[in-house]
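Note sheet for the following structure.
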Amino acid sequence: MLHLRQRIASHIISSSATSAVSSSATSGISSLRHLLCAGAAPVSPNPSGFAVEEYLVDTCGLTRSQAIKAASKLSHLKSPAKPNAVLAFLSGLGLSRANVAAVVAKDPLFLCAGVERTLVPVVDGLTGVGLSHSEISGLVSLAHRRFRCRAIVPKLRYYLPLFGSFENLRRLLKDQSHLLSSDLDKVLKPNIVSLQECGLGGCDIAKLCISAPRILATNPERIRAMAACAERLGVRRGSGMFREALQAVSFLGEEKIAAKVDYLKKTFKWSDTEVAIALSKAPMLLKRSKDLLRRRSEFLLSELGLEPVYIAHRPVIIYYSLEGRLMPRYYVVKFLQENRLVDRNLSYYTVVKRAEKDFVEKYICPHKEAAPHLAEDYATACKGEVPTNFRFT
Numbered sequence: 002m003l004h005l006r007q008r009i010a011s012h013i014i015s016s017s018a019t020s021a022v023s024s025s026a027t028s029g030i031s032s033l034r035h036l037l038c039a040g041a042a043p044v045s046p047n048p049s050g051f052a053v054e055e056y057l058v059d060t061c062g063l064t065r066s067q068a069i070k071a072a073s074k075l076s077h078l079k080s081p082a083k084p085n086a087v088l089a090f091l092s093g094l095g096l097s098r099a100n101v102a103a104v105v106a107k108d109p110l111f112l113c114a115g116v117e118r119t120l121v122p123v124v125d126g127l128t129g130v131g132l133s134h135s136e137i138s139g140l141v142s143l144a145h146r147r148f149r150c151r152a153i154v155p156k157l158r159y160y161l162p163l164f165g166s167f168e169n170l171r172r173l174l175k176d177q178s179h180l181l182s183s184d185l186d187k188v189l190k191p192n193i194v195s196l197q198e199c200g201l202g203g204c205d206i207a208k209l210c211i212s213a214p215r216i217l218a219t220n221p222e223r224i225r226a227m228a229a230c231a232e233r234l235g236v237r238r239g240s241g242m243f244r245e246a247l248q249a250v251s252f253l254g255e256e257k258i259a260a261k262v263d264y265l266k267k268t269f270k271w272s273d274t275e276v277a278i279a280l281s282k283a284p285m286l287l288k289r290s291k292d293l294l295r296r297r298s299e300f301l302l303s304e305l306g307l308e309p310v311y312i313a314h315r316p317v318i319i320y321y322s323l324e325g326r327l328m329p330r331y332y333v334v335k336f337l338q339e340n341r342l343v344d345r346n347l348s349y350y351t352v353v354k355r356a357e358k359d360f361v362e363k364y365i366c367p368h369k370e371a372a373p374h375l376a377e378d379y380a381t382a383c384k385g386e387v388p389t390n391f392r393f394t
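Numbered by my numbering, the letters in the sequence shown go through residues 2 to 394 in order.
Here it is, written out as structure tokens:
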């Protein structure tokens, strides 16, 4: 941190001199902009005051439209002294000019942050929890205004061991930066404890946050209600399926869940027992659209002739793409069966659940001589077309 402090102090001194000697101001700003890899000429002081908009464009690298929007929040600035110090601080962390511009455009008030009072202590604290300067600079680009608050340090101290690594946390914060602004003791910790009591580890919680972004920041009572609802689907706490069950019921009211259950029963001709079995194995069916469910039902029940109970015990079959997986593999299997190249009693589910590479090796490659066009026909079918070369004889 000593080197960073020296660079900051140097630029604070340089920018302080701007109010006394115009030539010194030009030299200080030029030095700063060299540090930020900027190529444009320095901005001349405005006789009537500090030209914020021009400073944002020429020194910070914002576009004109971004500068106009940001300048309204910085109209109180009378000189570039404080912004210069902040820019020197960001450069000292290793942020590129483009990253600096992105931070300022997102949070113009970052330029007003106290370097010695706030930003340096935050960096000291984050260094203390094990983050490198490159990781901290990446965090600035993710956190924006939340970085200029000392509360970020205890939150990172709590999150890092929970999620296992900074990289895991970085991926989560990329889309869920609100986790840095929610109350740690009143909201985040109680919610995480509730999820851990459901058997979820840090990796599961991170995945759940990605799929259900608001879940950690919601009312702790809501988390407990979601867990109870997931259990009513027949998914046991501590099981590998419980995270998916929580995701399925997250922010769905009881009425919506009941309505979707009724739709599943009607669409797939399931009994109460069968729909319960299906949802315990594939709770995310609650999140699937009615149109998707209807089309899967029409294909599986009507065209393939599968029994409702068969689907209920293998409900993940409904997750698979109709055009990209279910139909093309059906065409292949039917062709092979009609030409007596595979057993007529072959389970369709066994075929569908195979990975793509395994499917090709098992059902395409062995029949190159007997069915030379099969691979080409299958590829065509995967594009959503029914190839004319498929002959069912």
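No residue lacks a Cβ here, since even glycine has one placed at the ideal position from N, Cα and C.
For R244, report the span of its alpha helix (DSSP H) as first-last.
On the sequence shown, residue 244 is found 243 positions in, with the first residue counted as 1. Taken as a continuous stretch (DSSP letters only), the alpha helix (DSSP H) holding R244 covers F243 to V250.
In chain order, what residues of the same chain lie with their CB nearer than 6 Å to the CB of L120, ignoring the 5 residues before and after it?
Residue numbering aside, residue 120 sits at position 119 when the sequence shown is read from its first letter. Excluding residues within five positions, the ones whose Cβ falls inside 6 Å are F90 and A114.
Out of E370, L185, G129 and C383, point me to the one whose CA is closest to L327's CA.
Start at 1 with the first residue of the sequence shown, and residue 327 comes out as number 326. Considering only E370, L185, G129 and C383, the residue with the shortest C-alpha distance to L327 is C383.
If we count the other Cβ atoms within 10 Å of its Cβ and call it buried at 16 or more, is K267 buried or exposed?
Position 266 of the sequence shown, counted from the first residue, corresponds to residue 267. Taking every protein chain shown into account, the CB of K267 has fewer than 16 other CB atoms within 10 angstroms, so this residue is exposed.
Sort P284, A356 and E357 by Cα distance to R315 and report the nearest one.
Counted from its first residue, the sequence shown places residue 315 at position 314. When only C-alpha atoms are compared, the closest one is P284.
On the CB-based measure, 16 or more other CB atoms within 10 Å of its CB, does E299 come out buried or exposed?
Along the sequence shown, read from residue 1 onward, the residue named residue 299 stands at position 298. Burial call: exposed.
How would you write the range of the alpha helix (DSSP H) that F164 sits in, first residue to last?
Within the sequence shown, numbered from 1, the residue matching residue 164 stands at position 163. I153 to F164 is the extent of the alpha helix (DSSP H) around F164.
Taking contact to mean 3 or more Cβ pairs, one atom from each stretch, closer than 8 Å, check whether the segment 271 to 285 and the segment 321 to 338 are in contact.
no
Which listed residue (L294, L75, S133 and L174) has its alpha carbon closest to that of K208:
Mapped onto the sequence shown, residue 208 falls at position 207. Nearest option by C-alpha distance: L174.
Distance between R289 and H179 (C-alpha atoms, nearest Å):
On the sequence shown, position 178 is the one that residue 179 refers to. On the sequence shown, position 288 is the one that residue 289 refers to. Taking the straight line joining both Cα atoms gives about 27 Å.
Report, in whole angstroms, the separation of the C-beta atoms of L1 and A279, which I expect to be a contact under 8 Å.
Residue numbering for the chain in the displayed model covers 2 to 394; residue 1 lies beyond these limits and cannot be assessed.
Go through its chain and collect everything with a Cβ distance to Y379's Cβ below 7 Å, but skip five positions before and after it.
Here residue 379 refers to the residue found at position 378 of the sequence shown. So the qualifying residues of the chain are P329, V333 and I365.
Measuring only from the beta carbon, is D176 closer than 6 Å to any heavy atom that is part of the ligand FMN?
In the structure on display, the ligand FMN does not appear, and there are no ligands present to speak of.
Check for me: the alpha helix (DSSP H) holding Q197 runs from which residue to which?
Numbered from 1 along the sequence shown, position 196 holds the residue referred to as residue 197. It spans K190 to E198 - the alpha helix (DSSP H) in which Q197 sits, taken as one unbroken run.
What's the call for A260, buried or exposed, on a 16-neighbour Cβ count within 10 Å?
The residue given as residue 260 occupies position 259 in the sequence shown. The residue is exposed, with fewer than 16 neighbouring Cβ atoms inside 10 Å.
Could you check what DSSP says for I216 in three-state terms: helix, strand or coil?
Taking the first residue of the sequence shown as 1, we reach residue 216 at position 215. Three-state DSSP puts I216 in coil, outside helix and strand.
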